[in-house]
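Colleague:
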Amino acid sequence: MAPDRLDRFARHIVLPQIGGAGQVALAGAHVAIAGLGGIGSPVLHYLAAAGIGQLTLVDNGAVEASNLQRQTLYTERDIGHGKAVAARRWLAAFDSAINAEIGDYRLDPASAPGFVAGADLVIDGTDNFAARLAISDACVAAGVPLLSAAIGRFQGQVGAFAGHLANEPCYRCFVGDAFDAEDCDTCADDGVLGAMAGWTGSFAAMQAVRVLVAPQMGEAQWGRLHLLDGLAPAMRTMRISKDSACKGCVNLVYPHTSSQRKLGSLSDPADNA
Numbered sequence: 060m061a062p063d064r065l066d067r068f069a070r071h072i073v074l075p076q077i078g079g080a081g082q083v084a085l086a087g088a089h090v091a092i093a094g095l096g097g098i099g100s101p102v103l104h105y106l107a108a109a110g111i112g113q114l115t116l117v118d119n120g121a122v123e124a125s126n127l128q129r130q131t132l133y134t135e136r137d138i139g140h141g142k143a144v145a146a147r148r149w150l151a152a153f154d155s156a157i158n159a160e161i162g163d164y165r166l167d168p169a170s171a172p173g174f175v176a177g178a179d180l181v182i183d184g185t186d187n188f189a190a191r192l193a194i195s196d197a198c199v200a201a202g203v204p205l206l207s208a209a210i211g212r213f214q215g216q217v218g219a220f221a222g223h224l225a226n227e228p229c230y231r232c233f234v235g236d237a238f239d240a241e242d243c244d245t246c247a248d249d250g251v252l253g254a255m256a257g258w259t260g261s262f263a264a265m266q267a268v269r270v271l272v273a274p275q276m277g278e279a280q281w282g283r284l285h286l287l288d289g290l291a292p293a294m295r296t297m298r299i300s301k302d303s304a305c306k307g308c309v310n311l312v313y314p315h316t317s318s319q320r321k322l323g324s325l326s327d328p329a330d331n332a
C-alpha cells in the first residue's frame with residue numbers, strides 16, 4: 060500500500076479488527092450499489108471513505124429538489140442531473156483512486172445479472188420490491204452475498220442474505236413471492252426523517268465492511284435482519300430462516316465467484332463544461 064494510502068486509512072489500520080490485512084481486503088473489494096438515494100448516499104460516503112477499491116453504482120433516476128432533505132450525495136448544482144453521474148462526480152472529487160463504473164438503467168430480471176456479475180458484495184437500496192427481488196435472484200445465481208436496506212418514516216432495516224449457501228436465506232425467503240409487482244410505499248407517499256436515511260445507510264455500510272473483512276469483525280451475520288427505530292430510539296434483531304419452498308434459492312446453490320467484468324461509462328455533463 061502506498062504511503063499516502065497508509066496515512067489516509069491509518070485510523071482503520073490501528074484497529075485490531077481491521078488492521079493492514081483488512082484494509083488491503085477492502086482495497087481489493089468490488090461492491091455494487093443499487094440505488095443512490097437515501098440509503099445509497101451514506102453507503103457510498105462510508106464505503107468510499109473505507110477505501111473500497113471498485114464500486115459499481117446504478118440508479119436510473121435524476122436528482123430532484125425534494126431529494127436533498129436526505130440524499131446527502133447531492134447539492135443544488137446536481138438537480139436535473141442523473142444520480143449515477145452526480146455520484147461519480149462526487150466520488151472522483153473525494154477519492155480519485157477508487158475505480159467507479161456507473162449505469163443509469165432500471166434493475167429488473169433482465170439487467171440484474173449483469174449488475175451483480177463480478178461483485179464481491181451487493182448492497183440494495185432500491186425502493187420497490189420488483190427490483191429487490193430481481194437483485195436477490197441474480198445474487199443467488201451468481202453466488203454473491205447481498206445486503207438489503209430500506210427506510211420509511213422513522214424506521215429502517217438492514218438484512219444480510221447469502222441464499223447461494225445451502226443453509227442461509229435469500230431476500231425472497233424473507234418477503235415471499237407476493238411482491239414481484241412494484242407495490243411498496245415510497246418516501247413520497249409516507250415521508251421519511253432525513254436522519255433516518257443516514258442512520259440506516261451508515262449501518263449498512265458498517266455491515267458491508269464486516270462482511271468484507273470477515274471474520275476479523277465477527278461473523279457476517281447471514282440471515283439477520285436489524286430493525287432500526289428512530290422514534291424509540293432502539294434497534295432489535297430478528298433471525299430469518301431459509302424457506303424450503305423458496306423459488307429463489309432452493310436447489311440453486313452455487314459457489315461464490317469474484318470474476319471481474321467491465322461496464323460502459325456514462326459521460327458527466329460537468330466533464331464537458
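Converting from the sequence shown to my numbering requires adding 59 to each position, the first position being numbered 1. C-beta: ideal position from N, C-alpha, C; glycine also.
Does the beta-carbon of Gln-76 have 16 or more other beta-carbons within 10 angstroms, so that it is buried, or is it exposed?
Modeller: By the beta-carbon neighbour count (other beta carbons within 10 angstroms, threshold 16), Gln-76 is exposed.
Colleague: Starting from Gly-81 and walking both ways along the beta strand (DSSP E), at which residues does that stretch end?
Modeller: Looking at the DSSP string, Gly-81 is not in any beta strand (DSSP E); the run it does join, the alpha helix (DSSP H), is 78-86.
Colleague: With a threshold of 16 other CB atoms inside 10 Å of the CB of Gly-323, please say whether the residue is buried or exposed.
Modeller: In this prediction, Gly-323 has a pLDDT of 33, which is less than 50 and means its spatial position is unreliable; what the coordinates show is noted afterwards. Exposed is the call here.
Colleague: My assumption, with CB atoms under 8 Å, is that Gln-216 sits in contact with His-285. Please give the rounded CB distance.
Modeller: Sure, about 7 Å apart at Cβ, within 8 Å.
Colleague: Using a Cβ-Cβ cutoff of less than 8 Å, which residues in the same chain neighbour Asp-107 once the five nearest sequence positions on both sides are dropped?
Modeller: The residue you asked about is not Asp; residue 107 is Ala in the sequence shown. Hits under 8 Å: Leu-114, Leu-150, Phe-153, Asp-154, Ile-157.
Colleague: Just list the alpha helix (DSSP H) runs in the region 87-138, keeping only unbroken ones of 4 residues or longer that don't cross its boundaries, in chain order.
Modeller: 99-109
Colleague: Applying the 10 Å Cβ sphere with the 16-neighbour rule, what's the burial state of Gly-79?
Modeller: Label assigned to Gly-79: exposed.
Colleague: Cβ atoms of Gln-128 and Ala-96: under 8 Å apart, would you say?
Modeller: The displayed chain sequence assigns Gly, not Ala, to residue 96. It is not a contact, given that the beta carbons lie outside the stated cut-off.
Colleague: Classify Gln-266 as helix, strand or coil using the three-state DSSP reduction.
Modeller: helix
Colleague: In the structure shown, what three-state DSSP assignment does His-285 receive?
Modeller: Strand, per DSSP.
Colleague: Reducing DSSP to helix, strand and coil, say where Val-251 ends up.
Modeller: strand
Colleague: Quick check on the DSSP output: the alpha helix (DSSP H) that includes Val-234 runs from which residue to which?
Modeller: 230-234
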